Amino acid sequence: MSSMSLSHRLLRTVVALASLGLVALVYAAGGGLNLMAAALVLGTGYAVRRPESVAVSVLVIAHAVHWAVSAPMPEGLGPWLALLAGAWLVLLLHVSASAAVTWPAVAPVPRAALRRWGLRTLTVALATVPVWAVSAATRDQSLRGEVSMTYVALAALTLLCGALYAMARQAPRTRR
139 MSSMSLSHRL
149 LRTVVALASL
159 GLVALVYAAG
169 GGLNLMAAAL
179 VLGTGYAVRR
189 PESVAVSVLV
199 IAHAVHWAVS
209 APMPEGLGPW
219 LALLAGAWLV
229 LLLHVSASAA
239 VTWPAVAPVP
249 RAALRRWGLR
259 TLTVALATVP
269 VWAVSAATRD
279 QSLRGEVSMT
289 YVALAALTLL
299 CGALYAMARQ
309 APRTRR
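If you want the numbering used here, it's the position in the sequence shown, counting the first as 1, plus 138.
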């Protein structure tokens with residue numbers, strides 16, 4: 139790690155902070171399993187050292203399982219905000235690990251590339267808010283014939299995918 143550029147050290151630090159933040163967030167939300175949290179902390183260390191490996195994918199899946207099996211169903215605004223923060227932390231973990239393996243570790247990441255990745259990440263983070271809001275607003279909706287909000291959420295997701303596809307087509311192609 140000593141031969142790594144500063145930008146790569148920072149990206150890997152973000153991976154570690156996002157992952158450890160997810161562990162802490164599960165406990166703050168009222169859940170958490172000590173044995174699984176310990177495994178996640180160890181997995182975080184390995185994923186930070188080897189972000190090009192399958193460890194990051196395993197780590198993200200393990201965080202999702204940890205949240206699903208231990209965090210209570212959100213019932214008030216606080217737990218729903220914790221769920222949104224968790225989604226953003228998973229996104230940050232994924233993007234920073236992906237950026238860390240895109241460029242050689244000894245080379246600094248170009249500022250223009252960081253800006254582009256940051257804007258795309260911000261776009262996805264902001265696009266999760268309407269989906270989260272619909273989920274939070276309809277959490278108590280009966281499923282007996284009242285699925286209109288589900289269709290609204292599906293339509294919003296379709297529009298989001300279309301917008302991301304359009305952005306990807308308009309982005310200039312660069313060669314490494």
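Virtual Cβ for every residue (Gly too), placed ideally from N, Cα, C.
Note that this is a predicted model, so its numbers are computed, not measured.
(1) Is the beta carbon of residue 238 less than 7 Å from the beta carbon of residue 178?
(2) For residue 220, count neighbouring Cβ atoms within 10 angstroms of its own Cβ and tell me buried if that reaches 16, exposed if not.
(3) What runs of the alpha helix (DSSP H), each 4 residues or longer, lie entirely inside the segment 155–204?
(4) I need the straight-line Cα distance from residue 170 to residue 261, nearest angstrom please.
(5) If you check the beta carbons only, do residue 218 and residue 274 fall under 7 Å apart?
(6) Starting from residue 216, follow the alpha helix (DSSP H) in both directions and report where the run begins and ends.
(7) With contact counted as at least three CB pairs below 8 Å, one residue from each stretch, are the segment 204–216 and the segment 140–148 in contact?
(8) Can you tell which of 240, 270, 297 and 302 has its C-alpha closest to the C-alpha of residue 259?
(9) Work out the CA separation of residue 157 and residue 201 for me, nearest whole Å.
On the basis of the data shown:
(1) Position 100 of the sequence shown, counted from the start, is the residue given in the question as residue 238. Position 40 of the sequence shown, counted from the start, is the residue given in the question as residue 178. Against a cut-off of 7 Å, the Cβ pair of residue 178 and residue 238 comes out as no contact.
(2) In the sequence shown, counting from the first residue as 1, residue 220 sits at position 82. It is buried - the Cβ of residue 220 has at least 16 other Cβ atoms within 10 Å.
(3) DSSP runs (the alpha helix (DSSP H)) wholly in the segment 155–204: 172–187.
(4) Residue mapping note: residue 170 aligns to position 32 of the sequence shown, counting from 1. Residue mapping note: residue 261 aligns to position 123 of the sequence shown, counting from 1. Answer to the nearest angstrom: the Cα atoms are 30 Å apart.
(5) In the sequence shown, counting from the first residue as 1, residue 218 sits at position 80. In the sequence shown, counting from the first residue as 1, residue 274 sits at position 136. Their beta carbons are under 7 Å apart, which means residue 218 touches residue 274 by this criterion.
(6) In the sequence shown, residue 216 corresponds to position 78, counting from 1. Segment 215–240, the alpha helix (DSSP H) holding residue 216.
(7) no
(8) Here residue 259 refers to the residue found at position 121 when the sequence shown is read from its first residue. Of the listed residues, the one whose Cα sits closest to residue 259 is 302.
(9) Taking the first residue of the sequence shown as 1, we reach residue 201 at position 63. Taking the first residue of the sequence shown as 1, we reach residue 157 at position 19. Cα-Cα distance, rounded: 8 Å.
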